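Engineer:
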Amino acid sequence: MKLTTNTYRIAILSIALAMAGCSSTLVVPTEDRNNTSPRVEQTKPVVNDRAIAIPLPEETVNQSQQSTAPLTTESNAISVPISPSVIEPAQQNTAVIALLNEANNYSRQGDLRSAQTSLQRAQRIAPRDPQVYYALANTHLTLQDYVLAEQVALKGVSIVQGQPDQLNQFWNLIAFIREAAGNTSGAKQARETASRY
Numbered sequence: 001m002k003l004t005t006n007t008y009r010i011a012i013l014s015i016a017l018a019m020a021g022c023s024s025t026l027v028v029p030t031e032d033r034n035n036t037s038p039r040v041e042q043t044k045p046v047v048n049d050r051a052i053a054i055p056l057p058e059e060t061v062n063q064s065q066q067s068t069a070p071l072t073t074e075s076n077a078i079s080v081p082i083s084p085s086v087i088e089p090a091q092q093n094t095a096v097i098a099l100l101n102e103a104n105n106y107s108r109q110g111d112l113r114s115a116q117t118s119l120q121r122a123q124r125i126a127p128r129d130p131q132v133y134y135a136l137a138n139t140h141l142t143l144q145d146y147v148l149a150e151q152v153a154l155k156g157v158s159i160v161q162g163q164p165d166q167l168n169q170f171w172n173l174i175a176f177i178r179e180a181a182g183n184t185s186g187a188k189q190a191r192e193t194a195s196r197y
């Protein structure tokens with residue numbers, strides 16, 4: 001029975017290690033053999049600054065041994081890398097670039113509705129392109145549609161997580177939108193948020 005339990009543990013740990021990658025840290029519980037009754041020592045998992053601990057399922061040691069304590073979730077934890085804190089922006093689609101240029105030309109000519117239409121088409125093509133959201137929020141701001149401008153800018157904030165420069169730009173835009181709408185306290189909060197990036 002002990003062999004089966006150990007084989008099961010090794011299989012679980014091997015799978016978890018393969019899933020976690022080579023950079024993860026694995027904590028293996030150790031047994032204290034100095035006492036007459038065997039017990040499992042509690043060890044804290046070592047977690048590096050770019051990993052989180054994911055517990056393995058709890059399992060018990062052979063019941064035929066005297067008063068053997070079950071392994072805890074904490075002692076079975078392994079480290080798994082998490083996503084990086086800085087994310088590089090994706091390369092832009094050529095159709096989106098053309099629509100952004102078209103919207104820019106319409107804006108210069110004072111045709112804001114046509115600019116808005118071009119930007120909405122670009123948004124359908126590339127729903128995760130922050131430049132489209134920034135230009136569209138600016139267009140709504142110029143059209144004095146402050147509620148929609150802020151909604152679009154906040155959507156842009158959600159897209160650029162992990163990109164400090166773009167987060168700063170979006171929060172400054174939100175501050176400007178709120179100020180134009182007469183929300184001075186909201187504008188101040190947005191500027192404070194922008195200053196963190």
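This note's numbering numbers the first residue of the sequence shown as 1 and each following residue consecutively. Ideal Cβ positions, reconstructed from N, Cα and C, are used throughout, including at glycine. Nothing here was measured: the structure is a model prediction, and the numbers come from that model.
Tell me whether residue 148 sits in a helix, a strand or coil according to DSSP, three-state version.
Structural biologist: In the sequence shown, counting from the first residue as 1, residue 148 sits at position 148. Of the three classes helix, strand and coil, the one that applies to residue 148 here is helix, per DSSP.
Engineer: Cα-Cα, which of 190, 144, 163, 178 is closest to residue 129?
Structural biologist: Within the sequence shown, the letter at position 129 stands for residue 129. Out of 190, 144, 163, 178, 163 has the C-alpha closest to the C-alpha of residue 129.
Engineer: For residue 178, count neighbouring Cβ atoms within 10 angstroms of its own Cβ and tell me buried if that reaches 16, exposed if not.
Structural biologist: Residue numbering aside, residue 178 sits at position 178 when the sequence shown is read from its first letter. Flag for residue 178 reads buried.
Engineer: For residue 156, which of 105, 118, 189, 135 has the nearest alpha-carbon?
Structural biologist: To locate residue 156, count along the sequence shown from 1; it is residue 156. Nearest option by C-alpha distance: 135.
Engineer: What is the DSSP secondary structure of residue 162, reduced to helix, strand or coil?
Structural biologist: Taking the first residue of the sequence shown as position 1, residue 162 is located at position 162. It is coil, neither helix nor strand.
Engineer: Could you give the first and the last residue of the continuous alpha helix (DSSP H) run that contains residue 186?
Structural biologist: By one-based count along the sequence shown, residue 186 stands at place 186. Residues 184-195.
Engineer: Out of 146, 110, 174, 143, which has the shortest C-alpha to C-alpha gap to residue 158?
Structural biologist: Counting from one through the sequence shown, the residue named residue 158 turns up at place 158. Taking only the C-alpha atoms, the option nearest residue 158 is 174.
Engineer: With a threshold of 6 Å on Cβ separation, who are the neighbours of residue 123 within its own chain once the five nearest residues in sequence on each side are excluded?
Structural biologist: Counting from 1 along the sequence shown, the entry for residue 123 is found at position 123. Around residue 123: 132.
Engineer: Out of 195, 194, 141, 118, point me to the one whose CA is closest to residue 182's CA.
Structural biologist: Stepping through the sequence shown from its first residue, residue 182 is reached at position 182. For residue 182, the nearest C-alpha among the options comes from 141.
Engineer: Skipping 5 residues on each side, what residues in its chain have a beta carbon closer than 6 Å to that of residue 197?
Structural biologist: Counting from one through the sequence shown, the residue named residue 197 turns up at place 197. The residues are 164, 167, 168.
Engineer: How about residue 96 and residue 115: do their beta carbons lie closer than 8 Å?
Structural biologist: Working through the sequence shown from its first residue, we reach residue 96 at position 96. Working through the sequence shown from its first residue, we reach residue 115 at position 115. Contact flag unset, no.
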